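*Asks:*
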Amino acid sequence: MTATRYAVIGGGILGTAVARRLLQQEPDASVTVLEKEDSLAAHQTGRNSGVVHAGLYYTPGSLKAKLCRRGVELLKEYCASKDLAYDEIGKVLVARNAVEESRLGDIMTRARANGVPGVRIIDRDELREIEPHVEGVGGLHSPHTAIVDYGAVTRSFADDVVAAGGTVHTGFEVTGITQRGNETLVTGTHNGTDTWEIFDSVIICAGLQADRVAGLAGDREDPKIVPFRGEYYLLKPSKRSLVRGLVYPVPDPQYPFLGVHLTPRTDGEVMVGPNAVLALAREAYGWGTVSPRDLGDAVGYPGFRAFAKQHWKTGAVEMVGSLSRRRFVNEARKYVPELTVDDVVPGPSGIRAQALDRDGSLVDDFRISRHGSVLAVRNAPSPAATSSLAIAEHIVSLVLDTDSKEVA
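Written out as structure tokens, the structure reads:
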């Protein structure tokens, strides 16, 4: 019997996790990962804060909630087996006033329904015991929320793929996907040279390019990826002791992004941020990179115009924060009053691949579509990195179940 030939397009944490899972389920299969950059985890995976989300916010019973909790356990076990850093430093959601404090009950209910361990509501004194430099009227404490290095995890997944007989091609940009009967022709350039390969099944985990790569296979336009850049500052080494764990705001249900928070990393750095501004290119990590195609794609999409009409005031505030360090730091000072503008230095930035529907609504849960022999992950929002091993289980079950059409 001929081995099934699988292509996984995208070399981030999700693509490598899917390739790894395919080989676990079908050890004799031919599995090839195609990544357009020269290295793995070059975009969303390697440019996030490294938080392993516990599942506090997500609607109980949603795919996001289920995959998050399953993913946390799998990731913790995996990191232990590979001697990768997995630090349970804990997280506090800080309520600054009575309105925010009133929202904690609903978050607590969701967290418990999702099976988040050890979570509890705390008062001002308990908050100060956990985070001596943080100011608030109370909060919610999740003691088992952790941090990892997702880039290192991705490279480890890729090593597993190769060890199991799979192939990982970096520098391979896919330019065409053509289905011919039971076979799919994938064309592209590999390190600048035109090339092609034939596969039986293709799985798209292309992140910021997910809609475009799915379109190459004939899939529909919606949802559209609109890129939002998140910018960070880093605390100077002498100020890292201002926080012990993760310090987060209480989410505002009227606001689509979380807002500035403080996040220790496994390398010892402490990140302050991010904001959320429309990126001028899908892979633009600063104001100096502009792609007319990407920008036109975003602002010309009816869903973005509807979204911008609703949230333009917030967008303007975020833009000011991007251009003014003082305004940016002032947001963090709401939680850590001792912080000053001199305590931070410019840090990294990342791009969030935000999927928007045509009516302007944010696609909040995972969305996966099938078009013939091509399965496309059209939206993989946070906590996708946390959930990567669980998402891989889910995706591979869909790949192997050819009767399944779509998961929204």
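Counting in this note's numbering, the sequence shown runs from 49 upward without gaps. Where a beta carbon is used, it is the ideal one built from N, C-alpha and C, also for glycine. In this text, all values refer to a predicted model and were calculated from it rather than measured experimentally.
(1) Helix, strand or coil, according to DSSP, for E231 in the structure here?
(2) If you drop the 5 nearest sequence neighbours on each side, which residues of the same chain put their C-beta closer than 7 Å to that of E279?
(3) For P180, count the other beta carbons within 10 Å of its own beta carbon; 16 or more makes it buried, fewer makes it exposed. Which is it?
(4) Taking the alpha-carbon of A403 as reference, which of Q257, Y383, G186 and I443 has the nearest alpha-carbon?
(5) Provide the residue(s) that pair with S190 in DSSP beta bridges, ordered along the chain.
(6) Taking 9 Å as the cut-off, decide whether the C-beta atoms of R268 and S445 are in contact.
(7) Excluding five sequence neighbours on each side, which residues of the same chain lie with their C-beta closer than 8 Å to the C-beta of V384?
(8) By the 10 Å Cβ neighbour count, where 16 or more other Cβ atoms means buried, how is T434 classified, buried or exposed?
(9) Suppose only complete runs of 4+ residues qualify. What are the alpha helix (DSSP H) ranges in the region 218-295, listed by chain order?
(10) When you compare only the Cα positions, how much space is there between L88 and G59?
(11) On the DSSP bridge assignment, give the partners of L123 in chain order.
(12) With a CB to CB cut of under 7 Å and the five nearest residues on each side skipped, what residues in its chain are close to W244?
(13) Can you check which of these residues, A354, A211, I195 and I399, is closest to L71 by C-alpha distance?
(14) Alpha carbon to alpha carbon, how far is R118 from G214? Give it in angstroms, no decimals.
(15) What are the uninterrupted segments assigned as alpha helix (DSSP H) that are 4 or more residues long and contained completely in the region 143-213, given in chain order?
(16) Do you know how far the Cα of H192 is from the Cα of V26?
(17) How is R381 classed by DSSP in three states: helix, strand or coil?
(18) Is the beta carbon of W335 sitting closer than 9 Å to the one on L328?
(19) When DSSP labels each residue in this structure, what does G87 get in the three-state scheme?
(20) I believe N162 touches Y198 by the beta-carbon criterion, under 8 Å. Please report the beta-carbon distance rounded to the nearest angstrom.
*Replies:* To lay it out plainly:
(1) strand
(2) G321, P322, N323, S370 and S397
(3) exposed
(4) Q257
(5) K139
(6) no
(7) H181, V182, E183, L290, V291, V295 and L310
(8) buried
(9) 258-264
(10) 5 Å
(11) Answer is none; L123 lacks a bridge partner.
(12) L233, V234 and T235
(13) A211
(14) 25 Å
(15) 146-161, 172-178 and 198-211
(16) A query on residue 26 cannot be resolved here, the shown segment of the chain reaching from 49 to 456 and no further.
(17) helix
(18) yes
(19) What sits at residue 87 in the sequence shown is Ser, not Gly. S87: coil per DSSP, three-state reduction.
(20) So it is not a contact: roughly 21 Å between Cβ atoms.
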